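All letters in the sequence shown, in the order written, are residues 265 to 354 by the numbering used here.
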Amino acid sequence: MTESVSTEISNISPRQLWLGVLAAAVIALVLLFVVVLPAEKGIDPTGAGRLLGLNALSNPVRTIEIVDIVGGNEEYRNVEIPDFGDPVPL
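Quick look at the structure:
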């Protein structure tokens, strides 16, 4: 019932390392042009974003305009500050 576990680490040659890095970079670029740019920016150089429906993600469905974000505090400069020691009205 006791099995020996191999703890040997295989060395990776520099050529294999560079091939792995190159493969990862190519996959990242393909994903950038096929998925990310059409979904985020609406830029679709390959046409795959239109086929996958990703172009619709870059267009806002509804926009909200906030007219007054101050909420009635626009006259804060007209408020009189009481002198020190005077009671402050609530």
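Glycine included, C-beta positions come from ideal geometry on N, C-alpha and C.
Since we're looking at a predicted model, the values are computed, not measured.
- Within the chosen definition, does the region 309 to 321 reach the region 274 to 292 through at least 3 CB pairs nearer than 8 angstroms? no
- Pick from V325, V343, E329, V298: whose alpha carbon is nearest that of L318? V298
- Can you check whether the CB of G313 is closer than 8 angstroms to the CB of P302? yes
- Task: Over the uninterrupted alpha helix (DSSP H) stretch that includes P278, give me the two end residues.
- Result: Annotation for P278: the continuous alpha helix (DSSP H) segment containing it runs 278 to 295.
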